[in-house]
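Peer 1:
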Amino acid sequence: MKLLTKQQITFFEEEGYLVIDNLLNESEVTYYSNLYDSFLDNRIDASKYRSDLSGSDDAAKENITQIMVPSKIVPEMLEKVLHIKSLRMAQELMGDDIALDFDMLINKAPNTNTITPWHQDAAYWINMPDKRAASCWVAIDHAYKENGCMWYTPKSHLSEILQHEQTGNKGALKCEGSEENSVCIELSPGSCVFHQGGTLHYSRGNSTNDNRRAIITNFRPKAMISLERSKGVDHTGDRKVKQ
Ligand SMILES: O=C(O)CCC(=O)C(=O)O
150 MKLLTKQQIT FFEEEGYLVI DNLLNESEVT YYSNLYDSFL DNRIDASKYR
200 SDLSGSDDAA KENITQIMVP SKIVPEMLEK VLHIKSLRMA QELMGDDIAL
250 DFDMLINKAP NTNTITPWHQ DAAYWINMPD KRAASCWVAI DHAYKENGCM
300 WYTPKSHLSE ILQHEQTGNK GALKCEGSEE NSVCIELSPG SCVFHQGGTL
350 HYSRGNSTND NRRAIITNFR PKAMISLERS KGVDHTGDRK VKQ
C-alpha cells in the first residue's frame with residue numbers, strides 16, 4: 150500500500166517541501182522522546198558526533214545541539230517506525246533506488262534564542278550528478294514559531310545553489326533568505342516535513358523554557374551514497390562549504 154498520494158508527490162516536486170501529519174503515534178513519540186533524552190544527557194555517549202551547530206565557542210553551553218548519525222550508535226533505530234516510514238515515503242517521492250544516507254538529531258535548548266541560518270542542504274554536500282535528495286524533519290516536541298519550527302521558501306529548489314558562507318567556529322552554513330517569501334511549518338509531536346536538497350530553509354531561535362527536539366533522516370540514490378563514500382564522505386565530519 151502506498152503511503153503518499155499523487156497530489157502530495159506533485160506538491161513536493163513543485164514546492165520543494167511536503168508536510169506529513171502523524172508520521173508517529175503517541176507511544177512512538179514517547180519511545181523517541183526517551184531515546185533522545187538519553188543522547189542529550191550523555192547516557193548514550195555520542196560525543197564524537199556531537200557539536201554546537203551555532204558555532205559558539207562556549208563549551209559550557211550548547212545552543213543548538215547537533216548529533217550526527219545516531220543510528221550508528223543505536224543501530225536498532227534503523228528497524229523502527231521513523232526510519233522505515235520515512236524511507237518508504239522518500240522512495241515514493243523520488244524513486245525505488247533511494248536509500249538512507251545519514252540521520253541526525255538537532256535540539257534547540259531552552260531560551261538559547263539562536264537561529265539556524267538560511268541555507269540549502271546541498272551547499273554542505275559534494276557535487277553529485279544525480280541531485281535527488283530529501284530530508285525528513287520529524288518533530289519530537291511541538292514545533293512552533295517561538296521555539297524554532299522550520300521555515301521553507303517554496304520553489305527555491307528550482308534555482309541554483311546560492312553562495313554560502315560559514316558562521317561562527319565551524320558553525321552552520323548561511324546564505325541570503327527571508328521569512329517574507331517563506332512558509333512557517335508548525336508541527337505537532339510525531340508530524341514531519343520533507344524538504345529537497347535545494348530547498349532554502351531556516352528556523353528562529355528557541356525563546357521558550359523547553360527543548361525543541363527534531364530527528365532528521367536524509368535520503369538520496371544508492372549510487373550517489375556509494376559515490377560519497379568512495380570520496381570519504383559519511384556525514385560524520387566537519388561542516389564546510391563544498392569545494
Ligand atoms: O532544526 C533546525 O533548526 C535545522 C534543521 C535543518 O537545517 C535541516 O534539517 O536541514
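The sequence shown begins at 150 in our numbering and counts up by one. We put the CB at the ideal spot given by N, CA and C, even for glycine. Please read these numbers as outputs of a predicted model, since none were measured by experiment.
1) Please state the DSSP three-state secondary structure of E314.
2) What residue range does the alpha helix (DSSP H) around L336 cover?
3) Nearest to E329 by alpha carbon, out of A195, M277, Y351 and Q315?
4) At 3 residues or longer, and completely inside the region 266-335: list those beta strand (DSSP E) runs for me, N to C.
5) Using a threshold of 8 Å, is the CB atom of A363 nearer than that to any non-hydrogen atom of ligand 1?
6) Output yes or no for whether 9 Å exceeds the beta carbon distance between A282 and R369.
7) What are the start and end residues of the beta strand (DSSP E) that includes N367?
8) Helix, strand or coil for H344 per DSSP?
9) For ligand 1, I want to know if H313 counts as a neighbour, meaning its beta carbon is within less than 8 Å of at least one of the ligand's heavy atoms.
10) Using a Cβ distance threshold of 8 Å, determine whether the region 233-241 contacts the region 216-224, with at least three qualifying pairs required.
11) Going by DSSP, which residues form a beta bridge with H384?
12) Flag M299 as yes when its Cβ comes closer than 8 Å to any non-hydrogen atom of ligand 1, and as no otherwise.
13) Note down, in chain order, each residue of its chain lying with its Cβ closer than 7 Å to the Cβ of K380, except the 5 sequence neighbours on either side.
14) Tell me whether the beta-carbon of E241 lies closer than 9 Å to the beta-carbon of L152.
15) Roughly how many whole angstroms lie between the Cα atoms of I289 and I364?
16) Which residue wins for smallest C-alpha separation from S331, given the options H268, I213 and V287?
17) Can you check DSSP and say which residues form a bridge with N260?
18) Mind checking whether the beta-carbon of H350 lies closer than 8 Å to any heavy atom of ligand 1?
19) Considering only DSSP beta bridges, list what Q215 is partnered with.
20) Tell me, which residues are paired with Y351 by DSSP?
Peer 2: Judging by the given coordinates:
1) Residue 314 sits at position 165 when you count from the first residue of the sequence shown. DSSP places E314 in strand when its eight states are reduced to three.
2) Here residue 336 corresponds to residue number 187 of the sequence shown, with the count starting at 1. Element bounds for L336: n/a, residue is neither H nor E.
3) Counted from its first residue, the sequence shown places residue 329 at position 180. Residue Y351 holds the alpha-carbon nearest to the alpha-carbon of E329 among A195, M277, Y351 and Q315.
4) Runs of the beta strand (DSSP E) inside the region 266-335: 283-288, 299-301 and 332-334.
5) Along the sequence shown, one-based indexing puts residue 363 at 214. At least one heavy atom of ligand 1 falls within 8 Å of the beta-carbon of A363.
6) Along the sequence shown, one-based indexing puts residue 282 at 133. Along the sequence shown, one-based indexing puts residue 369 at 220. For A282 and R369, yes; Cβs fall inside 9 Å.
7) For the purposes of this step, residue 367 is taken as residue 218 along the sequence shown, with counting starting at 1. From DSSP, the beta strand (DSSP E) with N367 extends over R361 to P370.
8) Taking the first residue of the sequence shown as 1, we reach residue 344 at position 195. Annotated three-state conformation of H344 is strand, per DSSP.
9) Here the question's residue 313 lines up with position 164 in the sequence shown. Not a single heavy atom of ligand 1 lies less than 8 Å from the C-beta of H313.
10) Proximity of the region 233-241 to the region 216-224 falls short of the contact definition, fewer than three beta-carbon pairs being nearer than 8 Å.
11) Residue 384 sits at position 235 when you count from the first residue of the sequence shown. DSSP, once it has assigned bridges, lists no residue as partnering H384.
12) Position 150 of the sequence shown, counting from 1, holds the residue named residue 299. Between ligand 1 and the CB of M299, the shortest heavy atom gap is smaller than 8 Å.
13) Sequence index remark: in the sequence shown, residue 380 carries index 231 (1-based). Counting only Cβ-Cβ distances below 7 Å, and skipping sequence neighbours, we find I275.
14) Indexing the sequence shown from 1 puts residue 241 at position 92. Indexing the sequence shown from 1 puts residue 152 at position 3. A contact, by the Cβ cut-off of 9 Å.
15) Here residue 289 refers to the residue found at position 140 of the sequence shown. Here residue 364 refers to the residue found at position 215 of the sequence shown. Each residue's alpha carbon lies about 7 Å from the other.
16) For the purposes of this step, residue 331 is identified with residue 182 of the sequence shown, where counting begins at 1. It is H268 whose Cα lies nearest to the Cα of S331.
17) Position 111 of the sequence shown, counted from the first residue, corresponds to residue 260. DSSP lists no partner for N260.
18) Walking along the sequence shown from the start, residue 350 turns up at place 201. Yes, Cβ of H350 sits closer than 8 Å to a heavy atom of ligand 1.
19) Here residue 215 refers to the residue found at position 66 of the sequence shown. Residue pairing for Q215: DSSP places it in a beta bridge opposite S200 and I255.
20) Numbered from 1 along the sequence shown, position 202 holds the residue referred to as residue 351. According to DSSP, Y351 bridges with W300.
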